[in-house]
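Shown next, in structure tokens, is the structure this report addresses.
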Amino acid sequence: MKQLRLKVAVLILAALFLLTACGKKEGSVSQTTEAQSSAAAETEQSKTESQAEAQKESQKAAGQESWTFKDQADNEVTVKIPVERMVVMQHHSLDILAQLGAQDKVVATEKNWKKDLGAYMETVFPGIDSLPTPGDLTEWNVEEIAALKPDVVIAASQAKPEAIQQLKDLGIPVVVVSLRGEGKQAEAQSPRLSDADKAYTDGCEWAVKTLGKLTGTDSKADDIWNFCLESRKLVDDAVGSIPDDQRVRVFIANEGEQTYGNDKYVGSQLLRAGAINVAAQEIQGYKPYTFEKLAEWNPDVIIVQDRYKDVYDQITVDAKYKELKAVKENKVLLAPYWTKPWGNPDTDSIALGELWLASQFYPDKISKDVVLERAKAFYKNFYGVDFNGSV
């Protein structure tokens, strides 16, 4: 009887052991199956995401065309258009892109944009403060630019050639924009042009229309340029026939006692507005001047850009300037940001700047009301904001 009970106990223990082992095996199989299912799901999700990204790129490519052209430094460039991601290292182009309504395509810009253009850019380009700034007009961080994966980089004519080449070697197109015709110049800041007025007119038209084509805003680019030509006709009809010996004699004072001489856009801007640049006969390009030379020229009007307010204050307050004709007659003008009397033109230089200058020199021929009306229309139609400047 005792042996029987022992055998029963052994059988019960054996049965329990088998049940436990079976349970563990089933649990292990279940856990393995769950892990395999999870891994498969992750793989499928990754595959789906990759396929979606590939489809997106395919759709983008399908809507693009390859465009080959020469930039303003005579480089041949091929870009797939319209682009979606632009690194803009040239300030005039940044401004024009804002006029075109293409701000959302700009993923980085040059670090001195506020000084080079003005604080108004914060209004016409919301969010510009938060953009990466991988360099300035001349020096770039190539690695940072490449990491942004741009479809194109817009460069100033003074950008380092080796940096441009590095990006090209990485397969990133670079377009040099100078706002000036007649091709690459030995000195970007002091060009020598056969016909400055034509070079800057052609160069500005090329820039706005090229940026328009790159961004798919061709129609708006045409509208901007037509607006420029309409303003220019108003100016030409009013002051274009004034003889040279009756034109206002003007000097442009910049920071660091520098001025714009011959073959800079502002000379053409002044001629269009019925004036003459007194420095053009003796200074080529953008160069320093001396007070003695300024006193010798003794201009009727001195113009200072509003971004150089300290220069304006110096000329209007410092006693050494008090005998200059322009100072004595209260003809030292602080040119507002939207007139851009610069070395190279912007679209608003032509659309508004030439008009404003003519109204300052010959108020009986072009009224401030006309200037204000044009400025309001330009800002509303192109920047998409109200004009808050002072005429």
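FYI, the numbering for the sequence shown is -23 to -1, 1 to 368, going by mature numbering (1 follows the signal peptide of the UniProt record, and there is no 0). C-beta: ideal position from N, C-alpha, C; glycine also. A quick note: this is a predicted structure, and the numbers were derived from the prediction, not measured.
Under the DSSP assignment, residue 291 falls outside any beta strand (DSSP E), being part of the alpha helix (DSSP H) whose first and last residues are 286 to 294. Secondary structure of residue 312 (DSSP, three-state): strand. DSSP lists 237 as the bridge partner or partners of residue 263.
Our two residues, residue 186 and residue 273, have alpha carbons roughly 42 Å apart in a direct line.
Rounded to whole angstroms, the separation of the alpha carbons of residue 353 and residue 316 is 13 Å.
With a threshold of 16 other beta carbon atoms within 10 Å, residue 358 falls short and is exposed. Scanning its chain for C-beta atoms nearer than 6 Å, with the 5 sequence neighbours on each side dropped, one finds around residue 85 the residues 64, 108, 109, 111, 125, in chain order. Cα atoms of residue 258 and residue 297: separation of roughly 24 Å, rounded to the nearest angstrom. Using a Cβ distance threshold of 7 Å, residue 309 and residue 333 do not count as a contacting pair. Secondary structure note for residue 47: its beta strand (DSSP E) is the uninterrupted segment 42 to 47.
Ranked by Cα distance from residue 89, the first of 165, 158, 69, 250 is 69. Three or more beta-carbon pairs drawn from the segment 224 to 237 and the segment 265 to 283 are found closer than 8 Å, and the two stretches are therefore classed as touching. For residue 229, the pairing in a beta bridge is given by DSSP as 280. Counted as a single uninterrupted DSSP element, the beta strand (DSSP E) harbouring residue 254 occupies residues 252 to 254.
In the DSSP assignment, residue 117 is bridged to 112.
For residue 132, the enclosing beta strand (DSSP E) has its first and last residue at 129 to 132. The beta carbon of residue 218 sits closer than 6 Å to no other beta carbon from its chain once the five residues preceding and following it are set aside. DSSP places residue 56 within a strand segment (E or B) once states are collapsed to three. Burial check for residue 147: the Cβ neighbour count within 10 Å stays below 16, so the residue is exposed. Excluding sequence positions up to five before and after residue 194, its CB lies within less than 7 Å of the CB of 77, 78, 79, all in the same chain and listed in chain order. Here residue 124 carries a helix assignment [DSSP, helix/strand/coil].
In the three-state scheme derived from DSSP, where H, G and I count as helix and E and B as strand, residue 75 is classed as helix. About 6 Å separates the CB atoms of residue 327 and residue 209; that is less than 8 Å, so the two are in contact. In this structure, DSSP gives residue 192 a helical state, which the three-state scheme calls helix. Check the Cα spacing between residue 181 and each of 102, 157, 196, 174: the tightest is with 157. For residue 294, the number of other beta carbons within 10 angstroms of its own is below 16, and it is reported as exposed. Within 10 angstroms of the beta-carbon of residue 345 lie fewer than 16 other beta-carbons, which makes it exposed.
Looking at the DSSP output, residue 152 sits in a beta bridge with 131. Only residues of its own chain outside the window of five on either side were considered, and among them 168 have a CB closer than 6 Å to the CB of residue 162, listed in chain order. Looking only at 307, 54, 230, the smallest Cα-Cα distance to residue 286 is reached by 230. A distance below 7 Å separates the beta carbons of residue 192 and residue 82.
Residue environment analysis places residue 102 among the buried positions, since at least 16 neighbouring C-beta atoms fall within 10 angstroms of its C-beta. The Cβ-Cβ distance between residue 251 and residue 339 falls below 7 Å. Residues 173, 237, 254, 257 of the same chain have their beta carbon placed closer than 7 Å to that of residue 244, with the five preceding and five following residues left out of the count.
Separation of residue 47 and residue 175 (C-alpha to C-alpha, rounded to the nearest whole angstrom) is 18 Å. When the alpha-carbon of residue 121 is set against those of 43, 87, 94, the nearest one is in 87.
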